[in-house]
DNA sequence: CACTCGATCAGCG
DNA sequence: CGCTGATCGAGTG
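Next comes the structure, spelled out in structure tokens:
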């Protein structure tokens with residue numbers, strides 16, 4: 681019955697949706713692990729990419745890329761840049777904290793435009809987990825009131841656009857085994873280890 | 001609409 | 001252990 685539907689997309693508003701709709705700027709975050717890439721929209725952080733290659737300058741253009749809607753001549757564009765740069769400082773601090781096994785003090789606004797209600801429900805649930813606190817896919821399913829949607833929860837974790845900050849690495853399989861991770865199991869293990877989790 | 005595919009899970013041998 | 005069926009959401013044509 682209740683079929684999935686997308687939220688917040690501009691589809692009916694006469695804007696153009698497009699695959700990268702709303703993604704205005706990509707900024708890099710250098711860390712010990714390598715260079716992360718944060719994607720920002722007009723309303724917040726929309727994506728976070730793991731470093732491409734270990735310890736290398738993985739992104740061309742120095743990681744700073746202006747796109748449509750970011751014109752510095754346009755007052756609105758300037759405002760967006762200002763917001764984004766502020767969010768980026770928050771993102772950077774948060775990422776470094778989690779990579780160090782500590783809790784993020786605060787997060788930038790997260791832009792989940794175009795994602796389904798189900799996915800957002802899962803991700804919101806993940807945000808409740810602190811460092812070292814793990815749950816199983818089944819427990820998340822239960823928590824969002826869909827106890828049987830176990831595999832679907834796995835699916836939502838796998839499409840989480842903002843890993844690390846939305847801590848999908850804290851979701852384990854039922855038997856406290858590692859489960860999967862789109863960013864690579866080694867990364868999941870390493871993140872968990874730094875949070876003091878023993879498998 | 002009718003498929004297919006999963007970062008699942010519990011049960012059973 | 002390994003195998004299997006149940007079950008749900010997302011993606012595809």
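Residue numbers (the numbering used here): 681 to 879.
For every residue, glycine included, the Cβ atom is placed at its ideal position computed from N, Cα and C.
With the rule of 3 Cβ pairs closer than 8 angstroms, the stretch 756-772 counts as touching the stretch 705-724. Residue 809 and residue 709 do not touch by the CB rule: their CB atoms are close to 22 angstroms apart, not below 8 angstroms. The continuous beta strand (DSSP E) containing residue 719 extends over residues 714-721. Segment contact: the stretch 816-827 against the stretch 842-850, fewer than three CB-CB distances shorter than 8 angstroms; contact not assigned. Taking all protein chains in view, the Cβ of residue 839 is surrounded by fewer than 16 other Cβ atoms within 10 Å, so the residue is classified as exposed.
DSSP places residue 711 within a strand segment (E or B) once states are collapsed to three. Taking 8 angstroms as the cut-off, the beta carbon of residue 877 is found no closer than this to the beta carbon of residue 837.
In this structure, residue 798 lies near residue 832, with their beta-carbon atoms less than 8 angstroms apart.
The beta carbons of residue 850 and residue 805 sit about 11 angstroms from each other, so the pair does not count as a contact at 8 angstroms. Residue 724 sits close to residue 790, with the two beta carbons spaced by under 8 angstroms. Boundaries cannot be given for residue 853, as no beta strand (DSSP E) includes it and DSSP labels it neither H nor E. In the three-state DSSP reduction, residue 871 falls in the helix class (H, G or I). For residue 749 and residue 788, the gap between their C-alpha atoms comes out near 20 angstroms. Spanning the alpha carbons of residue 855 and residue 726 requires a straight line of approximately 32 angstroms. According to the DSSP assignment, residue 780 belongs to no alpha helix (DSSP H), since it is labelled neither H nor E.
Residue 712 counts as exposed, since fewer than 16 other C-beta atoms from the protein chains shown sit within 10 angstroms of its C-beta. Here residue 758 is exposed, its C-beta having fewer than 16 other C-beta atoms within 10 Å.
In this structure, DSSP gives residue 796 an extended state, which the three-state scheme calls strand.
Pairing residue 866 with residue 811 gives a Cβ-Cβ distance that is not under 8 angstroms.
Cβ atoms of residue 728 and residue 716 come within 8 angstroms of each other, at about 6 angstroms.
In this structure, the beta-carbon distance from residue 858 to residue 873 does not fall below 8 angstroms.
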